[in-house]
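These notes are about the structure you will find just below.
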Amino acid sequence: MTPEAPELTILHISDLHFGPPYVPRVGEALLREAALVRADVIVASGDFTQRAKPEQFAAARKFLDSLPAAPVVVVPGNHDVPLYRIFERLFDPYRYYRQYIAEDLDQVVDFGPARFVALNSAAPRTAITNGAIRPSQLEFCEQAFADHPLDGIRIVVAHHHFAPAPDYDKSQSMRGARRALDTFHRLDVE
Numbered sequence: 497m498t499p500e501a502p503e504l505t506i507l508h509i510s511d512l513h514f515g516p517p518y519v520p521r522v523g524e525a526l527l528r529e530a531a532l533v534r535a536d537v538i539v540a541s542g543d544f545t546q547r548a549k550p551e552q553f554a555a556a557r558k559f560l561d562s563l564p565a566a567p568v569v570v571v572p573g574n575h576d577v578p579l580y581r582i583f584e585r586l587f588d589p590y591r592y593y594r595q596y597i598a599e600d601l602d603q604v605v606d607f608g609p610a611r612f613v614a615l616n617s618a619a620p621r622t623a624i625t626n627g628a629i630r631p632s633q634l635e636f637c638e639q640a641f642a643d644h645p646l647d648g649i650r651i652v653v654a655h656h657h658f659a660p661a662p663d664y665d666k667s668q669s670m671r672g673a674r675r676a677l678d679t680f681h682r683l684d685v686e
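Residue numbers for the sequence shown follow the working numbering, beginning at 497 and rising by one.
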């Protein structure tokens, strides 16, 4: 952001993992800190649950509702789809996510000069651990930024990382990550 650009405070939370092994005192501490941050926008980038069970999503929803009032950008993570309930994972993997967190898996949220494009990188039928970004999602991203001014702030949110961490096995990178990074660069994503 340039010195003349307005400030934008983003609170980013991820991997809450409601259900065992969630530690309530950690969540409570996060809520206390969130009140102090006074975020303009809250980004919650997936893994709301440990095993995608309805009671875990209900607890996650209660937590999200306890955060300070601000626009919230959400995407599911790989723990938000059932791992061991195979039929559900194959045929209705986002049932409880949609019921408790958000109906849309990919979404656009505007706040002031910023446009957030949230992309669901969870891939329940194939790359459940490492995630994937599909070409149709990159088209969605291009359309979302098409009418957003180039001098605005462009942010993409996903659960899985697009570039491997230094200690990460590169053979396990997110499917479609290179193509996604090239697209984001072309679109002037922050």
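We put the beta carbon where it would ideally sit given N, CA and C, even for glycine.
Note that the structure is a prediction, hence the values are computed from the model and not measured.
- Around H644, the same chain offers R611 and R650 as residues with beta carbons nearer than 7 Å, after the five sequence neighbours per side are excluded.
- For I582, the enclosing alpha helix (DSSP H) has its first and last residue at I582 to F587.
- For V568, the uninterrupted beta strand (DSSP E) run begins and ends at V568 to V570, by DSSP.
- Here V519 carries a coil assignment [DSSP, helix/strand/coil].
- In this structure, the alpha-carbon of Y593 lies about 14 Å from that of Q603.
- Counting the other CB atoms within 10 Å of its CB gives A619 a total of 16 or more, which places it among the buried residues.
- Here the alpha carbons of A673 and A530 stand approximately 31 Å from one another.
- Beta-carbon to beta-carbon, R675 and L634 are separated by about 7 Å, close enough to satisfy the 8 Å threshold.
- Within the region 501 to 562, the complete beta strand (DSSP E) segments of 3 residues or longer fall at 506 to 509 and 537 to 540, listed in chain order.
- Counting only runs of 4+ residues, the alpha helix (DSSP H) found wholly inside the region 593 to 649 occupies 631 to 642, in chain order.
- The alpha-carbon separation between L683 and E638 amounts to approximately 7 Å.
- Counting C-beta atoms within 10 angstroms of its own C-beta, P589 has 16 or more neighbours from the protein chains shown and is therefore classed as buried.
- A straight-line Cα-Cα distance of about 12 Å links R621 and Y580.
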